[in-house]
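**Q** This structure is in structure tokens; I'll ask about it shortly.
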């Protein structure tokens, strides 16, 4: 693994650990987990081949006196169909997401509720990534906007309308950025984000249906001067609480199946690898 990627992973893991530790000290509730998923039909733009990926995940969600946090760090390892730069081995990617919500009901001591909405929140956060391919992406994204928190019997259902700014990097000589630059600042765009975690029982089986769906508006021209198109990404899973069934500990070990749906990946279109439909095996260990 290149030195740049290794340093980024160490820095990201350190940031995650610090945020989780500091947050846990003042948390009103907390849930931390290590996850794993695997699939064989992932895709990458301009690559006609199916890519096999192993994904390790460190996630943390918690509440505090004014709202809640969510942190997610993923390490994605591709097979040789998605090679690392200058190598026949698969590429390694790291992706970090952080979101913070300030709940109106906690900030003003009275929820902003109407119809099916039980409260509203202000959401802000960022995405960071790096990947050791020849393209060498280094995504930096900021988001902010309102969130509608729907009244569901159990779990959560959130709909956010976010204003987004994104910066990224292209390591290819073919990138047509002016002034021999490798970095691109995309046009501002909106993101419609739906996230859910809904536990339920199927007879005697404790289960949950979870995931998110993001719709990103077009964000101007890409690195080659081609106009981007709106992007859709859904990642969802149906999980069984194996820990509760096997040894009586609820919300400890979950196993299930997932599905990833991606259209116009990163705003790309009219080329191979921009649409993804992949089934995954999913596992989570909560502690």
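Residue numbers (mature numbering (1 follows the signal peptide of the UniProt record, and there is no 0)): -26 to -1, 1 to 261. Quick reminder that beta carbons are idealized off the backbone N, C-alpha and C, glycines included.
Could you check if residue 155 is buried or exposed, using at least 16 other CB atoms within 10 Å of its CB as the buried criterion?
**A** As a first step, residue 155 is located in the chain shown; it is residue number 181 there, counting from the start. Residue 155 should be labelled exposed.
**Q** According to the neighbour-count rule (16 or more other Cβ atoms, all chains shown, within 10 Å of its Cβ), is residue 56 buried or exposed?
**A** Start at 1 with the first residue of the chain shown, and residue 56 comes out as number 82. Answer is buried; the Cβ neighbour count reaches 16.
**Q** Going by DSSP, which residues form a beta bridge with residue 211?
**A** Within the chain shown, numbered from 1, the residue matching residue 211 stands at position 237. Per DSSP, 184, 232.
**Q** At 3 residues or longer, and completely inside the segment 61 to 144: list those beta strand (DSSP E) runs for me, N to C.
**A** 66 to 77, 91 to 105, 114 to 124, 130 to 143
**Q** As a quick exercise: from 173, 198, 206, pick the residue whose alpha carbon is nearest that of residue 187.
**A** Sequence index remark: in the chain shown, residue 187 carries index 213 (1-based). If we check each option's Cα against that of residue 187, 206 comes out closest.
**Q** Taking 6 Å as the limit between beta carbons, can you name the residues of its chain near residue 180, skipping five residues before and five after?
**A** The sequence position of residue 180 within the chain shown is 206, counting from 1. Contacts found: 215, 218.
**Q** With H, G and I counted as helix, E and B as strand and the rest as coil, what does DSSP make of residue 271?
**A** Residue numbering for the chain in the displayed model covers -26 to 261; residue 271 lies beyond these limits and cannot be assessed.
**Q** Among the residues of its own chain, which have a CB less than 8 Å from the CB of residue 260, if the five just before and after it don't count?
**A** As a working note, residue 260 is residue 286 in the chain shown. Once the five neighbours on either side are set aside, the close Cβ partners of residue 260 are 5, 6, 7, 225, 226, 227, 228.
**Q** Let me know the secondary structure DSSP gives residue 146 once reduced to three states.
**A** Looking up residue 146 in the chain shown gives position 172. Correct three-state label for residue 146: coil.
**Q** For residue 174, tell me which candidate among 127, 159, 161, 141 has the shortest Cα-Cα distance.
**A** Position 200 of the chain shown, counted from the start, is the residue given in the question as residue 174. When only C-alpha atoms are compared, the closest one is 127.
**Q** Kindly indicate if chain B contains any beta-carbon less than 7 Å away from that of residue 146.
**A** The structure shown contains no chain B; it holds only a single protein chain.
**Q** For residue 105, count neighbouring C-beta atoms within 10 Å of its own C-beta (all shown protein chains included) and say buried if the count is 16 or more, exposed if not.
**A** As a position in the chain shown, residue 105 is number 131, starting the count at 1. With 16 or more Cβ atoms within 10 Å of its Cβ, residue 105 is classed as buried.
**Q** Tell me, which residues are paired with residue 252 by DSSP?
**A** Here residue 252 corresponds to residue number 278 of the chain shown, with the count starting at 1. BP columns for residue 252 point to 234.
**Q** Can you look up residue 220 in the DSSP assignment and give me helix, strand or coil?
**A** Within the chain shown, the letter at position 246 stands for residue 220. Looking at residue 220 - three-state DSSP - the assignment turns out to be helix.
**Q** Specify, as a first and last residue, the run of the beta strand (DSSP E) that residue 52 falls within.
**A** Against the chain shown, residue 52 aligns to sequence position 78. Taken as a continuous stretch (DSSP letters only), the beta strand (DSSP E) holding residue 52 covers 41 to 52.
**Q** Between which two residues does the beta strand (DSSP E) harbouring residue 176 extend?
**A** Along the chain shown, read from residue 1 onward, the residue named residue 176 stands at position 202. 163 to 176 is the span of the beta strand (DSSP E), which, as asked, contains residue 176.
**Q** If you run the structure through DSSP and keep just helix, strand and coil, what is residue 191?
**A** Looking up residue 191 in the chain shown gives position 217. Three-state DSSP puts residue 191 in coil, outside helix and strand.
**Q** At a cut-off of 6 Å, would you count residue 214 as near the ligand MN, judging by its Cβ distance to the nearest heavy atom?
**A** This structure does not include the ligand MN; it has no bound ligands of any sort.
**Q** Closest to residue 118 by CA distance: which of 112, 61, 140 is it?
**A** Stepping through the chain shown from its first residue, residue 118 is reached at position 144. Nearest Cα to residue 118 within the set 112, 61, 140: 140.
**Q** Within a Cβ cutoff of 8 Å, which residues of the same chain sit near residue 201, ignoring the five residues on either side of it in sequence?
**A** On the chain shown, residue 201 is found 227 positions in, with the first residue counted as 1. Correct list, in chain order: 192, 194, 195.
**Q** How about residue 130 and residue 171: are their beta carbons less than 7 Å apart?
**A** Taking the chain shown and counting its residues from 1, one reaches residue 130 at position 156. Taking the chain shown and counting its residues from 1, one reaches residue 171 at position 197. Against a cut-off of 7 Å, the Cβ pair of residue 171 and residue 130 comes out as a contact.
**Q** Starting from the Cα of residue 212, find the closest Cα among 231, 143, 146, 26 and give me that residue.
**A** Along the chain shown, read from residue 1 onward, the residue named residue 212 stands at position 238. Among 231, 143, 146, 26, the Cα nearest to that of residue 212 is on 231.
**Q** Rounded to a whole number of angstroms, what is the C-alpha to C-alpha distance between residue 93 and residue 168?
**A** For this step, residue 93 is matched to residue 119 along the chain shown. For this step, residue 168 is matched to residue 194 along the chain shown. In a straight line, the C-alpha of residue 93 is about 15 Å away from that of residue 168.
**Q** In angstroms with no decimal places, state the Cα-to-Cα distance between residue 97 and residue 74.
**A** Locating residue 97 in the chain shown gives position 123, where the first residue counts as 1. Locating residue 74 in the chain shown gives position 100, where the first residue counts as 1. Rounded to whole angstroms, residue 97 to residue 74 spans 6 Å at the Cα level.
**Q** Quick check on this structure: which residue in 35, 39, 77, 15 has the alpha carbon closest to the alpha carbon of residue 45?
**A** Here residue 45 is taken as the residue at index 71 of the chain shown, counted from 1. Among 35, 39, 77, 15, the Cα nearest to that of residue 45 belongs to 35.
**Q** So if DSSP puts residue 344 in a beta bridge, which residue, or which two residues, is it bridged to?
**A** For the chain, the structure presents residues -26 to 261; residue 344 sits outside this window and is missing.
**Q** May I have the straight-line CA-CA distance separating residue 68 from residue 19, to the nearest angstrom?
**A** Residue mapping note: residue 68 aligns to position 94 of the chain shown, counting from 1. Residue mapping note: residue 19 aligns to position 45 of the chain shown, counting from 1. So the alpha carbons of these two residues sit roughly 18 Å apart.
**Q** So for residue 261, helix, strand or coil by DSSP?
**A** Here residue 261 refers to the residue found at position 287 of the chain shown. Coil.
**Q** In this structure, what does DSSP give as the bridge partners for residue 10?
**A** Against the chain shown, residue 10 aligns to sequence position 36. Paired residues: 30, 257.
**Q** Output the distance between the C-alpha atoms of residue 47 and residue 27, rounded to the nearest integer angstrom.
**A** On the chain shown, position 73 is the one that residue 47 refers to. On the chain shown, position 53 is the one that residue 27 refers to. Approximately 16 Å, taken between the alpha carbons.
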